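Asks:
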Amino acid sequence: MTETTPTLPRQDEAQALAGLRGALAAAIDEPPDRSSAYESAHEQIAGRLRNLILNGVLQHGERLPTEATLAAEFGVSRATAREAVRMLSAQQLVVATKGARGGTYVTRPSLDFATRLLQANVSLLADMDDITLEEILEARRLLEVPAARLAALRRTQVDLERLGGSIPDDARERTGLERFEVNAGFHTSLMAASGNVLLEVAALPVFTVLQTSLARTGLDARFSRRIDCDHREITDAIARADVDGSGEAMEAHLDYLAPHYRRVWRLARDGGPHG
Numbered sequence: 001m002t003e004t005t006p007t008l009p010r011q012d013e014a015q016a017l018a019g020l021r022g023a024l025a026a027a028i029d030e031p032p033d034r035s036s037a038y039e040s041a042h043e044q045i046a047g048r049l050r051n052l053i054l055n056g057v058l059q060h061g062e063r064l065p066t067e068a069t070l071a072a073e074f075g076v077s078r079a080t081a082r083e084a085v086r087m088l089s090a091q092q093l094v095v096a097t098k099g100a101r102g103g104t105y106v107t108r109p110s111l112d113f114a115t116r117l118l119q120a121n122v123s124l125l126a127d128m129d130d131i132t133l134e135e136i137l138e139a140r141r142l143l144e145v146p147a148a149r150l151a152a153l154r155r156t157q158v159d160l161e162r163l164g165g166s167i168p169d170d171a172r173e174r175t176g177l178e179r180f181e182v183n184a185g186f187h188t189s190l191m192a193a194s195g196n197v198l199l200e201v202a203a204l205p206v207f208t209v210l211q212t213s214l215a216r217t218g219l220d221a222r223f224s225r226r227i228d229c230d231h232r233e234i235t236d237a238i239a240r241a242d243v244d245g246s247g248e249a250m251e252a253h254l255d256y257l258a259p260h261y262r263r264v265w266r267l268a269r270d271g272g273p274h275g
């Protein structure tokens, strides 16, 4: 998944305001939802503009009016309008351009952004113990085993080259961070080979949360070699277009990793090996 800079049409302020006045009026007049009583003014405005974007009323490439115009339309201060636009920008729903004809334009969140956002939330839930390790392991199995099977059906030559290139051909011992990068490269390539974007977005955050905990510990060379061996078996099955074999190889890989994750997770919750 790659980030792209949107190519946006230019509109002057009069055009932007003319096209949005009706939509803004509808947003202003719509009844607040139950949560709005707990939101600040800029959060409410951002929420209503967000709905217009997600519902397609405000199209990709449309220019938002200036802060002053938004403030006047919603009956708030320019500072409040500015904060609302900043919220939308943080969610990658609008992008600001500079220059004589610059402005703020409606855009679309990238898949990379959606993945990072999901990862942050999964990490937060795990850190707060709102989800258990067993739930994370179960979710990973439900995502990655079908992904391996799909990859066997859909992989291209480029996919196979990426999978093979992500597996080290040397046996040297690696640091936790190096091991994380190697594993991330393989699993990212595998999810891409599945040809299912939603699986890719959902699986990578789950994988990353688990691997981050593993990367903080010492990983011996034997453990690393076993992971590389598993990755080769999965790749070989995918290359043979062996659907069942690919799924079984991934299951065996996850079965091997599960006790290691449980040990690391327990140590982290207990305050480390000396806690």
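The sequence shown begins at 1 in full-length UniProt numbering and counts up one residue at a time.
For every residue, glycine included, the Cβ atom is placed at its ideal position computed from N, Cα and C.
Values in this document were obtained by computation on a predicted structure and should not be read as measured data.
Run the CB neighbour count on LEU143, radius 10 Å, all protein chains shown included, and call it buried at 16 or more, exposed below.
Replies: For the purposes of this step, residue 143 is taken as the residue at position 143 of the sequence shown. LEU143 is buried by the Cβ-count criterion.
Asks: For ALA249 versus ALA258, is the C-beta spacing smaller than 8 angstroms?
Replies: By 1-based counting over the sequence shown, the position of residue 249 is 249. By 1-based counting over the sequence shown, the position of residue 258 is 258. No, the pair does not count as a contact, with Cβ atoms beyond the cut-off.
Asks: If you measure between the beta carbons of VAL95 and GLN59, is that distance less than 8 angstroms?
Replies: The residue you call residue 95 lines up with position 95 of the sequence shown. The residue you call residue 59 lines up with position 59 of the sequence shown. Contact: no.
Asks: With THR115 as the anchor, note down where its alpha helix (DSSP H) starts and where it stops.
Replies: The residue you call residue 115 lines up with position 115 of the sequence shown. Start and end: 111-127.
Asks: Taking the C-alpha atoms as reference points, what is the distance between ARG63 and ALA81?
Replies: Indexing the sequence shown from 1 puts residue 63 at position 63. Indexing the sequence shown from 1 puts residue 81 at position 81. Each residue's CA atom was taken as its position, placing ARG63 and ALA81 some 15 angstroms apart.
Asks: Run through DSSP, which three-state label would ARG240 get?
Replies: If you number the sequence shown from 1, residue 240 lands on position 240. Of the three classes helix, strand and coil, the one that applies to ARG240 here is coil, per DSSP.
Asks: In angstroms with no decimal places, state the Cα-to-Cα distance between PRO168 and VAL182.
Replies: Here the question's residue 168 lines up with position 168 in the sequence shown. Here the question's residue 182 lines up with position 182 in the sequence shown. Roughly 8 angstroms separates the two Cα atoms.
Asks: In whole angstroms, give me the CA-to-CA distance for VAL209 and TYR261.
Replies: The residue labelled residue 209 in the question sits at position 209 within the sequence shown. The residue labelled residue 261 in the question sits at position 261 within the sequence shown. Between VAL209 and TYR261, the C-alpha separation is close to 11 angstroms.
Asks: Buried or exposed: which applies to ASP244, given that a residue is buried once 16 or more other Cβ atoms fall within 10 Å of its Cβ?
Replies: Here residue 244 corresponds to residue number 244 of the sequence shown, with the count starting at 1. Result: exposed.
Asks: Can you tell me whether ASP228 is buried or exposed, with buried defined as 16 or more other CB within 10 angstroms of its CB?
Replies: Looking up residue 228 in the sequence shown gives position 228. Buried, by the Cβ-count rule.
Asks: Looking only at its chain, what residues have a beta carbon closer than 7 angstroms to the beta carbon of HIS253, apart from the 5 residues adjacent to it on each side?
Replies: Reading the sequence shown from its first residue, position 253 is the one you call residue 253. Result list for HIS253: ASP230 and ILE234, in chain order.
Asks: Does DSSP classify THR104 as helix, strand or coil?
Replies: Against the sequence shown, residue 104 aligns to sequence position 104. It is a strand residue.
Asks: Got a sec? Which residues, its chain only, sit under 7 angstroms from ALA152 by beta carbon, not counting five neighbours each side?
Replies: One-based indexing of the sequence shown puts residue 152 at position 152. Answer for ALA152: ALA237, ILE238, ALA241, ASP242, VAL243 and SER246, listed in chain order.
Asks: Which same chain residues, not among the five before or five after ASP255, have their C-beta less than 7 angstroms away from its C-beta?
Replies: In the sequence shown, the residue the question calls residue 255 occupies position 255. Result list for ASP255: empty, nothing under 7 angstroms.
Asks: Could you give the residue range of the beta strand (DSSP E) that holds VAL94?
Replies: In the sequence shown, the residue the question calls residue 94 occupies position 94. Membership of VAL94 in the beta strand (DSSP E) is indicated by the continuous run 94-97.
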